[in-house]
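Novice:
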Amino acid sequence: MDLMSRLSDGYGKLFIFSGRATRAQFWTLYGTNVMIFIAGLFCAALLPGSLGTPVVIFGLVMVSFGTMAAAVRRLHDTNRSGFWALGLLIPLVQIVVVYFLACPSVSGPTRYDAHESGHRYPTIEKRKAGAAARLLGS
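With the sequence shown counted from 1, adding 7 to any position gets you the working numbering.
(1) Which residues in the same chain as Pro-111 place their Cβ atom closer than 8 Å to its Cβ, once the five residues preceding and following it in sequence are excluded?
(2) Note down the Cα distance separating Phe-72 from Phe-22, rounded to an integer number of angstroms.
(3) Put Ser-88 into one of helix, strand or coil per three-state DSSP.
(4) Considering Gly-47, what are the terminal residues of the alpha helix (DSSP H) in which it resides?
(5) Nearest by alpha-carbon distance to Ser-15: which of Ala-77, Ala-109, Val-103 and Leu-82 is it?
(6) Using the Cβ count rule (16 or more neighbours within 10 Å means buried), how would you classify Gln-101?
(7) Residues in its own chain within less than 7 Å of Ala-51 by CB, not counting five upstream and five downstream?
Now the structure itself:
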């Protein structure tokens, strides 16, 4: 997958929190978002008076939201819950989340893309019933 297809795929799913994102897709999108934000800071510095503040705030919100959505999809690709992405807001937990984001993808289906592949994972009740049956030896 080349750079343009990774970016178009990433920005096409900017507000989508389901599905998966590979390491290359996530880090390409993240790096591009950082460069866009830095360019926005330079542009805001050129604006007269207090016009730059709303530009910076809007840019920060959009870049952060897009990065969070991509982080959730990346965590799904490593078979982890997307709620780990909230750890990016907590300073010391960020280290763990960045480690998870850098982990390799899980080959095969994960529990977060079961609806896409048609594979259904067992419900909690079925797992409990299966565990009870194994304990009873039937």
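The C-beta atom is built at its ideal place from N, Cα and C for all residues, glycine as well. Being a predicted model, the structure only gives us computed values, none of them experimental.
Specialist: Taking the coordinates as given:
(1) Arg-30 and Thr-85
(2) Near 8 Å, if we compare the C-alpha coordinates of Phe-22 and Phe-72.
(3) coil
(4) 30 to 53
(5) Ala-77
(6) So Gln-101 counts as exposed.
(7) Setting aside the 5 residues that flank it on each side, Ala-51 is surrounded in the same chain by Gly-59, Val-62 and Val-63, each with a C-beta closer than 7 Å to its C-beta; the list follows chain order.
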